[in-house]
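2 protein chains.
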Amino acid sequence: MAAIGPHRLHSSPPSFPVRSPPPSKIYRARTPASSASHHMDLQVQGRRRLKDFPYVSAPHRDLMVELVSTVETRLDPHLLPCTLPPDVQYYQNPTNTAHASLHIRSGHKSSPIDFILGSWLHCELPSGGALNITSLSANLNPSTDAPNFLLELIQSSPTSLILILDLPPRKDLVLHPDYLRTFYEDTQLERQRQLLEKIPEVRPYFSSSLYIRCVVSPTAILVRIESEAGGGRRMEEIVQDHVHPIAKEVLGIWLDRCASGESSVGETERAALEKRDQLVKNKTIEIDLGSSMPRLFGPEITDRVLGAIQEVFNS
Amino acid sequence: MAAIGPHRLHSSPPSFPVRSPPPSKIYRARTPASSASHHMDLQVQGRRRLKDFPYVSAPHRDLMVELVSTVETRLDPHLLPCTLPPDVQYYQNPTNTAHASLHIRSGHKSSPIDFILGSWLHCELPSGGALNITSLSANLNPSTDAPNFLLELIQSSPTSLILILDLPPRKDLVLHPDYLRTFYEDTQLERQRQLLEKIPEVRPYFSSSLYIRCVVSPTAILVRIESEAGGGRRMEEIVQDHVHPIAKEVLGIWLDRCASGESSVGETERAALEKRDQLVKNKTIEIDLGSSMPRLFGPEITDRVLGAIQEVFNS
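Structure (structure tokens):
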């Protein structure tokens, strides 16, 4: 889970025989061009576009924008600019029914940050509805063993939302009870999980990928929120009043207790961490993107995007 | 979780200012005696007593008896007799409001079995109700890396039952995706979890111990069953029609795919397994018994029982 791709569709996705092309929206004017100046322009646009978080509700967008801004502000001295090509920072399928934005910033070699990754994806569904996924993840490098940060919201209708919010551990917690105590018990992360659990519309969510279930922590918030009775308004209320403050709190814990890089490690352990981090990154790309990307965007775009992500992850 | 004590009360136990002594039941006639012949007698009684599984409903008892019998029959050639002292095979508190039976059989050195452990506990509650816990666990030794078996039913009223049913892994599943595939994906354990999840009275259960959450597998069945509307009869029906066949199936998978000892390991890995197994045993004893035993049985009985368990686990 360390490396979270732009749209993890392990959540029992519908199959996607996408609709015939709709009238294109804001994106038609922004089709990738080839000249250098256009590239520069698109670089800037790519960054702006991530923060657009279009198509989702205002509370959902506010949540994502605030968290992305908080991470970028707090970690700015550690972060390099995004080096993804413009056509990976933003891409769409040939029929214009699926769009996505991806922004990855690697950390300076001297920092504890491996990378931060923000993304959104919008995909029109044959039913007439749409799937929207927004994510923010932040991975540390093997100079520290502290947990990573992960947030993902998967909205398949205005009244149905899957929320994944966690600090995925970077060690086997069974073998390291001290690590469990430091990062999960002492930080009282469980309280945040319990706060959300109390909302009547909230149910535990089980990822269809057993591997994904393994990489999350014992205090992971993995929930499905269904607000059919209260409609879309109720969902917006839940995101604003409950999901937002909880996500902010969890991110704050990560920034204060993990991203500082205080929990440094020796050489032997560093090698083990590196191996584990790399394995998790590869497995999650395989699970998250390998199957859904080709279906949504076709093989050419899939290769381009996955190749660019892998380049950043392996650099 | 590898080593499961006789009554894991990490499940938000009520506090136990036990009631004044009730008229003693079947146990008064069986008070431990000191002569050698009585000891022999009690040894036999201890074994019988485990299979009594008193106080619980008939379907609950049937389930436990069948599973214990299945394990003992299938693994009999591998198992040594129980060597626990009679006053550990059966014990009760001074006020006669809490009784427990514990039966542990170690495996032959040449077998893949570390031990099997069966237990029940009955404790009268101040409210007038009773807490009944029954468990069966089976641990393998480091000659194999295959998962262990674990079943525990915690009944705090006729309409409330917590079920823990799992094959706890013995390796970090994040680092060993092949192990995850062999023992959890290929065995389709997830189907059993999903079958139970469909029953309307079934809700996911989160152990209050984060460590316990870590030691279970991604297909662990951790559920709370509440049958208030249907009463005790409905609970019996759920145990008989759903819990029983699912537990039997999971035990069958364990016996066929894990207990055979086919998944053998080399010397280096054996040392790592040994370390992990030992850590899990110690931690689970600490979590499961450390806090609740003194409250239920007082310090003297606690020391005796824990000492005897540790002796078996460390032999």
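Respectively, the protein sequence lines represent chains A and B. For what it's worth, this note's numbering labels the leading residue of the first sequence as 1160, then goes sequentially. For what it's worth, this note's numbering labels the leading residue of the second sequence as 1160, then goes sequentially. Ideal placement from N, C-alpha and C gives every residue a C-beta, glycine not left out. Please read all numbers here as calculations on a predicted model, not as lab measurements.
In summary, the residues of the segment 1334-1351 of chain B whose CB is separated from some CB of chain A by less than 8 Å are Leu1334, Pro1336, Leu1339, Tyr1343, Glu1344, Glu1349, in the order they occur in the chain. Look at Val1439(A): its C-beta is under 8 Å from a C-beta on chain B.
The beta strand (DSSP E) runs of length 3 or more contained entirely in the segment 1221-1284 of chain B are, from start to end of the chain, 1249-1251, 1257-1265, 1272-1283. In the DSSP assignment, Asp1325(B) falls within the beta strand (DSSP E) that extends over 1319-1325. The DSSP-derived three-state label of Gln1314(B) is strand. Inter-segment contact for the segment 1231-1243 of chain B and the segment 1441-1450 of chain B is absent: fewer than three beta-carbon pairs are separated by less than 8 Å. In the three-state reduction of the DSSP assignment, Ser1451(B) falls in the helix class, which pools H, G and I.
Under a criterion of Cβ atoms nearer than 7 Å, the residues of chain B adjacent to Arg1372(A) are, in order, Pro1377.
Contiguous alpha helix (DSSP H) elements confined to the segment 1328-1400 of chain B occur at 1336-1339, 1348-1356, 1369-1374, 1390-1397, taking only those with 4 or more residues. Gln1248(B) places its beta carbon less than 8 Å from that of His1262(B). The beta carbon of Val1215(B) sits closer than 6 Å to the beta carbons of Asn1291 from its chain, once the five residues preceding and following it are set aside; these are given in chain order. DSSP lists Ala1297(B) as the bridge partner or partners of Phe1308(B).
Our two residues, Lys1268(B) and Glu1421(B), have alpha carbons roughly 16 Å apart in a direct line.
Within the segment 1435-1466 of chain B, Arg1435, Leu1438, Val1439, Lys1442 place their CB atoms closer than 8 Å to a CB of chain A, listed in sequence order. Just measuring C-alpha positions, the residue of Asn1255(B), Thr1256(B), Arg1264(B) sitting nearest Pro1236(B) is Arg1264(B). As the crow flies, the alpha-carbon of Leu1222(A) is around 34 Å from that of Asp1331(B). At least 8 Å separates the beta-carbon of Ser1423(A) from that of Thr1341(A). In the assembly as shown, Asn1307(B) is a buried residue. Its beta-carbon has 16 or more other beta-carbons within 10 Å.
Using a CB distance below 9 Å, no part of the segment 1262-1296 of chain B faces chain A. Taking a cut-off of 8 Å on C-beta distances, the segment 1332-1351 of chain A does not touch the segment 1291-1301 of chain A, as fewer than three cross pairs fall below it. Burial is judged here by how many other beta carbons sit within 10 angstroms of a residue's own beta carbon; Glu1360(B) has at least 16 and is buried. With contacts defined by Cβ atoms closer than 8 Å, Leu1355(A) and His1401(A) form a contacting pair. Look at the segment 1399-1413 of chain B: it has no residue with a C-beta under 8 Å from a C-beta of chain A.
A direct Cα-to-Cα measurement between Ala1388(B) and Pro1317(B) gives close to 12 Å.
The three-state reading of DSSP puts Ala1431(B) in helix, counting H, G and I together. Contact residues of the segment 1321-1335 of chain A toward chain B are Asp1331, Leu1332, Val1333, Leu1334 (C-beta to C-beta distance below 7 Å). Beta-carbon to beta-carbon, Tyr1364(A) and Ile1321(A) are separated by about 5 Å, close enough to satisfy the 8 Å threshold. A direct Cα-Cα distance of roughly 23 Å separates Glu1459(A) from Ser1474(A). When DSSP reads this structure, Asn1473(A) sits in no beta bridge, so it has no partner. In the three-state reduction of the DSSP assignment, Ala1467(B) falls in the helix class, which pools H, G and I. In this structure, Leu1226(B) lies near Leu1410(B), with their beta-carbon atoms less than 8 Å apart. Your pair Ile1397(B) and Ile1358(B) checks out as a contact, with CB atoms roughly 6 Å apart and the cut at 8 Å. Under the 8 Å criterion on CB atoms, Pro1363(B) is classed as interfacial with respect to chain A. Taking 8 Å as the CB threshold, Leu1299(B) stays off the interface with chain A.
Under a 10 Å Cβ-count criterion, Gly1390(A) is classified as exposed, with fewer than 16 other Cβ atoms of the shown protein chains found around its own Cβ. As computed with DSSP, Thr1443(B) is found in no beta bridge at all.
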